[in-house]
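Heads up: the structure comes next, in structure tokens.
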Amino acid sequence: MNLAEAKKKKKLLSVMVLLFALIVVMFFVSLSTGVIKIAPGDVIKTLFNQGTDRQELVLFDFRLPGILLALLIGAGLAVSGVILQGITQNELADPGILGINTGAGLAVVLFLYFFKNQLDPTSSFSIFIMPVAALVGAVVAAVIIYALAWKKGVNPIRLVLVGIGVNAGFAAFLTIFQLKMDPQDFRQATVWLTGDIWNASWNMVFALVPWMLVLIPIALHKAPSLNVMNLGDEVASGLGTSVESERRFLLFIAVALAGASVAAGGGIAFLGLVIPHIARKIMGPLHQYIIPVSTLLGALLLMVSDTIGKNLLAPTEIPVGIIVSLLSAPYFVYLLMKTK
Amino acid sequence: MRSFIHHSNISKIIIHILTILALIVAIGLSVSYGSTKIEFATVWQAVFHFNPELTSHQVVQELRLPRAVSAAFVGAFLAVSGAIMQGMTRNPLASPSIMGVTDGAAFALVLMLAFAPGISNMGLIGSSFVGAGIAVALVFMIGSFSASGLTPVKLALAGVAIGTMLRSVSSIISLHFNLEKEMGFWLAGGLDGTSWTSVQILLISGGVGLLLALSISKSITLLSLGEDIATGLGQNNFLIKILGIVAILILTGAAVSIAGAVGFVGLIVPHITRFIIGTDYRWIIPTSVLFGALLLVLSDVVSRLVNAPFETPVGAITSLIGVPFFLYLARGSGGGK
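These protein sequence lines map, in sequence, to chains L and F. Per the numbering used here: the first sequence = residues 574 to 913. Per the numbering used here: the second sequence = residues 7 to 343.
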């Protein structure tokens, strides 16, 4: 047993090192590509304050915050997906499919609409308050979905179907709301809702870092509960886990992670669904291994998608959510065909 | 679902007559309401004693009437498509929007607008058939290759996946070619901009689809009892399914090319119809025509009133009506056990 565990730990370490190396490589690729190309050597020079003013402007004011945000959002959505799949015992759960992302998006759009005149949208206060608005929306959406799916307990299939329905409902409200916004704002909002790292600024990075730094370690700390829950409610309560309260607490963590990610990155779908599966395939069913691997994998996938989106049809920027959907929807279809 | 009226053809005929009357009233409402209200008497005169010198008569003849008639056709076509899908697959959640058909048609339209901007109206409709067809084929393929067959939840998720993928590609194309506005219109669904040409297109292509649907209605009833029973009664299920899919494609393609992605009509109407009229598709299809037409004409009126003087996309209205219904189904038969 101990030998197997030591082996697992070693594997985790090597996977993490490999992923980290990939992230570093992609980080530099991402920094150097774009409408204005900066050679990798110059990127390093600029990072050490040796570049030209123009290079500094492009890197520090535009690219670096965007890339850091992609890393943070990817990690957040992936861990949110891990938790949701664990607590619902449903392999197809994901904050996007369940409608939590759309709920958070609706809240942010409403917030921007009602307080636009009182707040300067680029001021640091409104940037720090936006994840909170998204969180409120995400929690409300989660409560609505959970309540509507409740029928003497929550059946995983019903939860997914109800999620799809609620998602469509929120989307309809957003469409109706469109007429009340001025066209420029609306366009921005719709692009953002398909998943776009929007308003990439250092303030947004600073607004997001604490959420991830607090919530992901909590999720990791709760990994044993997730492992037990995977065995089914009856076994879990037999082993002394108070299932409902643990589940609600973990649901809150997942919703908070999704909410914060949506505030910065919009409704990026499928990422939270696919990453946990890949992590499980590499590391097996234990969450203390799945969560760290998912964190890095999610960050990597979103950064790569962001880079593709920026360069595929340059100078047109494709919202990152679209690239993520294109990359991960086929895998989702494969999962769908495989699961019973 | 049980029907509450049993075996009496007279009561079915009465229901049809009442629905037709309601539809006429609804079309009347649709023509008279709008940014300027036009009295019923004027509407009557504009239709039967048209005077080209009166603006109100022109508004009725050129704008409002074709719009109301198009709404009726589009609603009818979507409802019949949904009815055929639900009958053939025995799946309560089958419907054009859930299965990504509308996304497929919109995808083909965006593709045509981007790469063949001078394309004719007929060309646009043809391409939306093809797009709808690709989406249906993909969703059915996922269903039939999947480990436990085409369960309601699989169908819905496969529809979500295919729909999202097609929409992603459409977004990329529309961003690159600056077609967001056109794309947004198709994704939201709307009936403004319909003309008598739209009515003609709907009448010709949809008429064929409707006749086809009616001609296989008896066989769909048998299929809805189960494939084994249908085979046992000597029916060529494969042929019926092909004909059914062709009818679905023609009807949905025509509807989407005129009105964009109007969701949930094809989901709700067949359920209501089955509840009222029973399980015989020889009745379900004509009744779905009337109910679908009525639903969309009324939704179109609501879409103009809800935020007057602006128009709300009619797809948003049908979604708001459809979502509670979908949730009811998801809690019941769809997500049962």
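Glycine is no exception: its CB is placed at the ideal position from the N, C-alpha and C atoms. Since the model is a prediction, treat every value here as computed from it, not as a measurement.
Spatially closest choice to residue i from the options, by CA coordinates
i: L:ASN800; options: L:LEU630, L:GLN658, L:ILE646; result: L:GLN658
i: L:LEU644; options: L:PHE635, L:LEU683, L:ILE770, L:ILE611; result: L:ILE770
i: F:ARG280; options: F:PHE83, F:LEU161, F:THR48, F:PHE297; result: F:PHE297
i: F:VAL107; options: F:PHE332, F:PRO315, F:ALA267, F:GLY328; result: F:ALA267
i: L:GLN628; options: L:LEU642, L:GLY647, L:LEU641, L:THR606; result: L:THR606
i: F:GLY195; options: F:GLN64, F:ILE323, F:SER174; result: F:ILE323
i: L:ALA792; options: L:ILE702, L:ILE855, L:GLY654; result: L:GLY654
i: F:ILE327; options: L:ARG636, L:ALA707, L:PHE746, L:VAL712; result: L:PHE746
i: F:ILE207; options: F:SER101, F:GLU68, F:GLY129; result: F:GLY129
i: L:HIS794; options: L:ILE640, L:VAL652, L:ILE617, L:SER587; result: L:VAL652
i: F:LEU335; options: F:ILE274, F:TYR287, F:PRO292, F:VAL303; result: F:ILE274
i: L:LEU869; options: L:LEU576, L:GLY649, L:VAL616; result: L:GLY649
i: L:LEU824; options: L:VAL877, L:LEU708, L:GLY738; result: L:LEU708
i: L:ALA829; options: L:LYS610, L:ILE673, L:TYR904; result: L:ILE673
i: F:GLY110; options: F:GLY232, F:SER133, F:VAL53, F:ARG73; result: F:SER133
i: F:LEU228; options: F:ARG96, F:ARG173, F:GLY137; result: F:ARG96
i: F:PRO98; options: F:VAL312, F:LEU300, F:ILE278; result: F:ILE278
With 16 other Cβ atoms within 10 Å as the buried cut-off, status of residue i
i: L:VAL598; result: exposed
i: L:ALA852; result: buried
i: F:GLY259; result: buried
i: L:VAL716; result: exposed
i: L:GLY811; result: exposed
i: L:GLY857; result: exposed
i: L:PHE905; result: buried
i: L:SER878; result: buried
i: L:VAL681; result: buried
Straight-line gap, residue i to residue j (C-alpha atoms, nearest Å)
i: L:ILE891; j: F:ILE179; result: 10 Å
i: F:GLY272; j: F:GLY169; result: 16 Å
i: F:ILE11; j: F:ILE282; result: Because F:ILE11 carries a pLDDT of 48, less than 50, the predicted location of this residue cannot be relied on, and the following value inherits that uncertainty. Taking the straight line from one Cα to the other gives about 7 Å.
i: L:ASN776; j: L:THR889; result: 25 Å
i: L:ILE749; j: F:PRO319; result: 7 Å
i: F:HIS55; j: F:VAL214; result: 32 Å
i: F:ASN15; j: F:GLY284; result: 11 Å
i: F:ARG288; j: F:SER221; result: 9 Å
i: L:MET589; j: L:ASP634; result: 29 Å
i: L:VAL782; j: L:VAL608; result: 28 Å
i: F:SER177; j: L:ALA836; result: 21 Å
i: F:GLN51; j: F:VAL159; result: 52 Å
i: F:SER305; j: L:PHE593; result: 54 Å
i: F:SER36; j: F:LEU301; result: 12 Å
i: L:VAL712; j: L:VAL705; result: 10 Å
i: L:ILE730; j: L:ALA666; result: 10 Å
Contact belief for residue i with residue j at Cβ below 8 Å, rounded distance in angstroms
i: F:LEU255; j: F:LEU218; result: F:LEU255 to F:LEU218, Cβ: 10 Å. No contact.
i: F:MET105; j: F:VAL145; result: 5 Å
i: L:LEU642; j: L:VAL778; result: 6 Å
i: L:GLY678; j: L:GLY871; result: With a Cβ gap of about 19 Å, L:GLY678 and L:GLY871 do not count as contacting.
i: L:THR675; j: L:ALA744; result: 6 Å
i: F:VAL80; j: F:ILE264; result: 6 Å
i: F:ALA162; j: L:LEU734; result: 6 Å
Beta carbon proximity, residue i to chain F, threshold 9 Å
i: L:ARG731; result: yes
i: L:ALA707; result: no
i: L:LEU874; result: no
i: L:LEU899; result: yes
i: L:ALA648; result: no
i: L:MET910; result: yes
i: L:ILE871; result: Per the sequence shown, the amino acid found at residue 871 of chain L is Gly instead of Ile. False, the Cβ-Cβ gap to chain F never drops below 9 Å.
i: L:VAL842; result: Looking at the sequence provided, one finds Ala at residue 842 of chain L rather than Val. L:ALA842 counts as touching chain F.
i: L:GLU664; result: no
i: L:VAL739; result: yes
i: L:ILE896; result: yes
i: L:THR748; result: yes
i: L:PHE687; result: no
Chain L within 9 Å of residue i, Cβ atoms only
i: F:ALA100; result: no
i: F:VAL275; result: no
i: F:ARG337; result: yes
i: F:ILE91; result: The sequence given here has Met at residue 91 of chain F, not Ile. No, F:MET91 lies away from the interface with chain L (no Cβ there is under 9 Å from its Cβ).
i: F:VAL271; result: no
i: F:ALA322; result: yes
i: F:ILE140; result: no
i: F:LEU304; result: no
i: F:VAL159; result: yes
i: F:GLY340; result: Note that F:GLY340 scores a pLDDT of 44, beneath 50, so its modelled location is shaky; the value from the coordinates is reported in the next line. Closer than 9 Å to some Cβ of chain L, the Cβ of F:GLY340 qualifies, so yes.
Any non-hydrogen atom of the ligand GTP closer than 8 Å to residue i Cβ
i: F:LEU231; result: In terms of ligand content, the structure shown is empty, and the ligand GTP therefore cannot be addressed.
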